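Reviewing the structure listed below.
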Amino acid sequence: LRRFFEFRDFAHFIDVYLAVTALVSTSEDVHLLTYEVAREMATEQRIRYAELTCTPFTSVRPDLADAGMPIEAYTEAIEDARVGAERDFGIVLRWIYDIPGEFGVPAADATLGFALDHRVDALVGFGLGGPEIGVPRPQFEPHFAAARAAGLHSVPHAGETTGPETVWDALRVLGAERIGHGTSAAQDPALLAHLAETGVPLEVCPSSNVATRAVASLEEHPLREFVAAGVTVTINSDDPPMFGTTLNQEYAVAAGLLGLDASGVADLARAAVTASFADEPTRARVLSEIDAHLGAHESPARPADGR
449 LRRFFEFRDF AHFIDVYLAV TALVSTSEDV HLLTYEVARE MATEQRIRYA
499 ELTCTPFTSV RPDLADAGMP IEAYTEAIED ARVGAERDFG IVLRWIYDIP
549 GEFGVPAADA TLGFALDHRV DALVGFGLGG PEIGVPRPQF EPHFAAARAA
599 GLHSVPHAGE TTGPETVWDA LRVLGAERIG HGTSAAQDPA LLAHLAETGV
649 PLEVCPSSNV ATRAVASLEE HPLREFVAAG VTVTINSDDP PMFGTTLNQE
699 YAVAAGLLGL DASGVADLAR AAVTASFADE PTRARVLSEI DAHLGAHESP
749 ARPADGR
């Protein structure tokens, strides 16, 4: 089983990803998976707030006859799981609907329809994933324009397996407010300067990038270059089960690459909260918890009698 998840390249990862997601075939599957992901994040990783990327197209499959589930069943499943997880574990979940780029404009049309015509309360963003090679970003301009006009945030992947021009397209054409991965931005000093000046964050996923061979090794990951250039970065886990990682592990990886102590890790967490689309009360609460946790971590131990 472990070898099944050893990817030769990004294209092989996509093949395995589609094979795995095909097993999630009913609304009951979607509900169980969503609830259990939330439970694990809340109880084992102590995550308080998460914006989870969903790809409803691969569950609904409007391109195939007699396949998939109705979009209404899909949205009911994720929303019921979200509400239940917040009630049971205190975790707040928000959704980003993701276009699977390998299915082209028809998938973008469908995903936009899911987002606008069947919108759920917790939907905050509109994204684009899948392969970048052979999937130019400008073809999705009208979809992102419509999503932004409806109040959704633009969060496409770009520069994961292609050059910095893809990141430029995401910024200029798709109106990106955050960039998924953005790994190749390190190759373009002008792009790094632009990202630093505008504050558009890069969602960095170190273990994912190594697993898909987007970068050769953790030591060669451009995270350090991003930070040195003043680019805002957030630490992310991408598809945790596919890469055998967790968000906590990715923070540990980032801390090792950047030489961070607890205070530095807390700064990364604060950057993630600031870059999120959470409402202000949620942001304030999570930031307060980060500060309290850091304060407890840094406070010297006291004798049992309090002296």
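For the sequence shown, the positions run 449 to 755 when this note's numbering is used.
Using N, Cα and C, we set each Cβ at its ideal position, and we do this for glycine too.
Only a predicted model underlies this, so the values are computations on that prediction, with no experimental measurement involved.
What first and last residue would you give for the beta strand (DSSP E) that runs through residue 546? Per DSSP, residue 546 belongs to the beta strand (DSSP E) from 540 to 548.
May I ask you to report which of helix, strand or coil DSSP gives residue 601? For residue 601, the secondary structure class from DSSP, reduced to helix, strand or coil, is strand.
Can you tell me whether residue 602 is buried or exposed, with buried defined as 16 or more other CB within 10 angstroms of its CB? Around the CB of residue 602, 16 or more other CB atoms lie within 10 Å, so the residue is classed as buried.
My output table needs one value for residue 566: the three-state DSSP class, helix, strand or coil. Coil.
Exposed unless 16 or more other CB atoms sit within 10 angstroms - verdict on residue 620: Burial call: exposed.
So residue 604 and residue 624 are in contact, right, with Cβ under 8 Å, and what is the actual spacing, rounded? Their Cβ separation, rounded to whole angstroms, is 6 Å, which keeps residue 604 and residue 624 in contact under 8 Å.
Leaving out the 5 sequence neighbours to the left and right, which residues in its chain are closer than 8 Å to residue 719 when beta-carbon positions are compared? For residue 719, where only same-chain residues beyond five positions count, the Cβ hits under 8 Å are 649, 680, 681, 682.
Do you know whose CA, among 587, 612, 521, lies nearest residue 567's CA? Checking every option, the nearest Cα to that of residue 567 belongs to 521.
Quick one: what does DSSP say residue 674 is sitting in, helix, strand or coil? Helix.
With a Cβ-Cβ cutoff of 7 Å, do residue 766 and residue 594 count as a contact? As displayed, the chain neither begins before 449 nor continues past 755, which places residue 766 out of reach and without an answer.
Is it true that the stretch 729 to 745 meets the stretch 584 to 592, where meeting means three or more beta-carbon pairs spaced less than 8 Å apart? They do not touch, by the three-pair rule.
Contacting residues, own chain, Cβ-Cβ under 8 Å from residue 455 (five flanking each side not counted): These residues qualify, in order along the chain: 461, 464, 659, 660, 661.
In its own chain, which residues sit with a C-beta less than 7 Å from the C-beta of residue 691, not counting the 5 before and 5 after it? 655, 656, 659, listed in sequence order.
Which same chain residues, not among the five before or five after residue 529, have their C-beta less than 6 Å away from its C-beta? So the list reads 479, 482, 483, once near-sequence residues are dropped.
Would DSSP call residue 705 helix, strand or coil? Of the three classes helix, strand and coil, the one that applies to residue 705 here is helix, per DSSP.
Short of 7 Å in beta carbon distance, which residues of its chain neighbour residue 560, apart from the five on each side in sequence? Order them along the chain. Within the same chain, residue 560 has close Cβ partners 591, 594, 595.
If I'm right that residue 501 touches residue 548 with Cβ under 8 Å, what's the distance once you round it to whole angstroms? Not confirmed; about 11 Å, so no contact.
How do the stretch 668 to 680 and the stretch 705 to 724 stand: do at least 3 beta-carbon pairs fall below 8 Å, yes or no? Yes, the stretch 668 to 680 is in contact with the stretch 705 to 724.
Nearest-angstrom beta carbon gap, residue 550 and residue 579 [assumed within contact, 8 Å]: About 5 Å; that satisfies the 8 Å criterion.
Neighbour-count burial assignment, residue 581, 16 or more Cβ in a 10 Å radius: Classified as exposed, residue 581 has fewer than 16 neighbouring CB atoms from the shown chains inside 10 Å of its CB.
CB of residue 734 within 7 Å of CB of residue 496, strictly: The answer is yes: Cβ separation under 7 Å.
Rounded Cβ spacing between residue 563 and residue 576 (contact assumed at less than 8 Å): Between residue 576 and residue 563 the Cβ distance is about 12 Å, and since that is not below 8 Å, they are no contact.
Alpha carbon of residue 744 to alpha carbon of residue 710, nearest angstrom: One C-alpha to the other measures close to 11 Å.
Cα separation between residue 626 and residue 527? Straight-line measurement puts the Cα of residue 527 at about 24 Å from the Cα of residue 626.
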